[in-house]
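Trainee: There's a structure below that I have some questions on.
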Amino acid sequence: MPSDTDRQAWRDIADHGALAHDWAVEVDAEAFARDLMRFHATVRCLEIVSEAARRLSEPARSDDLPWRAIMDSGNAYRHAYHQITPLRIRYTAIINLPVLIAAAEAALAS
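Quick note: the sequence shown, position 29, residue 28 per numbering that gives the first Met the number 0, numbers continuous.
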C-alpha cells in the first residue's frame, strides 16, 4: 500500500494526466494549436504530473517507465517554454500519458 505522500502524488498524476489527455484528444491538432487556453492548461497539467512524479518515493516508481524524462519534462515546460510546441504537447498528452495514468490507477488500487 502506498504511503500518504505516494498516494497523493499518484492521485495528482492520475487526475491531471487524465485532464491533459482529455483536453488533447477532444480536438484535432490544428484546433489544439489555435486554442491557446487549452494548450496552456494542458501544459500546466503536464507540469503538475512532472512535479508529482518527483514526489514519488523511489520504491513507488516502477522500472518500466522513463521516470527521469517524466520528472525532467517539467523543467522544459517552465524554462524552455519557447521551444514547446502545441504538436509536441498534444503528442505527449495523447501517446505518453495513458501508460502513466494506468500506472497511477494501478498504484491507487493497491
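Note that CB positions come from ideal geometry on N, CA and C, so glycine has one too. In this text, all values refer to a predicted model and were calculated from it rather than measured experimentally.
(1) When you compare the CB positions of C44 and H81, do they come within less than 8 Å of one another, or not?
(2) Can you tell which of E104, A108, Y90 has the C-alpha that lies nearest to the C-alpha of A19?
(3) Taking A17 as the reference, give the member of P65, V42, R33, N74 with the closest Cα.
(4) I'd like to know whether the C-beta atoms of W22 and R37 end up nearer to each other than 8 Å.
(5) How long is the line joining the alpha carbons of G73 and I94, rounded to whole angstroms?
(6) Can you check which of these residues, I100, A106, T84, A68, is closest to E29 by C-alpha distance?
(7) Taking the continuous alpha helix (DSSP H) assigned at L135, which residues delimit it?
(8) Can you tell me the Cα-Cα spacing of R77 and E46, whole angstroms?
(9) Am I right that D11 and A68 are in contact with their C-beta atoms under 8 Å? What's the rounded C-beta distance?
(10) Quick one: is D63 buried, meaning 16 or more other Cβ sit within 10 Å of its Cβ, or exposed?
Mentor: On the basis of the supplied data:
(1) H81 sits away from C44, with the two beta carbons spaced by 8 Å or more.
(2) Closest by C-alpha distance to A19, out of E104, A108, Y90, is Y90.
(3) Of the candidates P65, V42, R33, N74, the one whose C-alpha sits nearest the C-alpha of A17 is V42.
(4) R37 sits close to W22, with the two beta carbons spaced by under 8 Å.
(5) Rounded to the nearest angstrom, the gap between the Cα atoms of G73 and I94 is 17 Å.
(6) Per the Cα distances, T84.
(7) As displayed, the chain neither begins before 0 nor continues past 109, which places residue 135 out of reach and without an answer.
(8) The C-alpha of R77 lies about 8 Å from the C-alpha of E46.
(9) 18 Å between Cβ atoms; not a contact.
(10) It counts as exposed.
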